[in-house]
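> Numbers given in our numbering equal positions in the sequence shown, counted from 1, plus 599.
Please see the structure below; I have some questions.
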Amino acid sequence: MAHLPLSRPQQASLSRAVAACAPKVQLTLLQRLLGVWRQRQHLDRLPDHLRHDIGLSDAEIAQEVKRPIWDVPHTWRR
600 MAHLPLSRPQ
610 QASLSRAVAA
620 CAPKVQLTLL
630 QRLLGVWRQR
640 QHLDRLPDHL
650 RHDIGLSDAE
660 IAQEVKRPIW
670 DVPHTWRR
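This is how it looks when you write it as structure tokens:
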């Protein structure tokens with residue numbers, strides 16, 4: 600499993616959020632967070648021609664990849 604680079608405050612914040620959930624919800628939450636992280640890593644590895652196809656600049660992709668795994672658009676949250 601890949602290492603998610605988190606600062607200590609980020610780790611503590613994530614730990615508190617997960618601990619506040621029931622075990623089944625914790626697993627679902629962690630799966631979603633890992634999914635977001637994976638999507639951002641794939642986005643970072645896209646070849647230039649695919650980046651151009653989806654209309655994102657290198658700066659926009661870099662900005663997205665730097666976002667914390669729990670930082671998602673409000674429309675993703677249910």
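Ideal Cβ placement from N, Cα and C applies to all residues, glycine included.
#1: Going by Cα to Cα distance, which pick from 608, 661 and 671 is closest to residue 642?
#2: So, using beta-carbon positions, are residue 635 and residue 671 closer together than 7 Å?
#3: Quick check: what's the CA-CA separation for residue 655 versus residue 665?
#4: Buried or exposed: residue 685, going by 16 or more other Cβ atoms within 10 Å of its Cβ?
In this structure, then:
#1: For the residues 608, 661 and 671, the minimum Cα distance to residue 642 belongs to 661.
#2: Residue 635 is a Cβ neighbour of residue 671, given a cutoff of 7 Å.
#3: About 15 Å.
#4: Residue 685 is absent from the structure shown; the chain starts at 600 and stops at 677.
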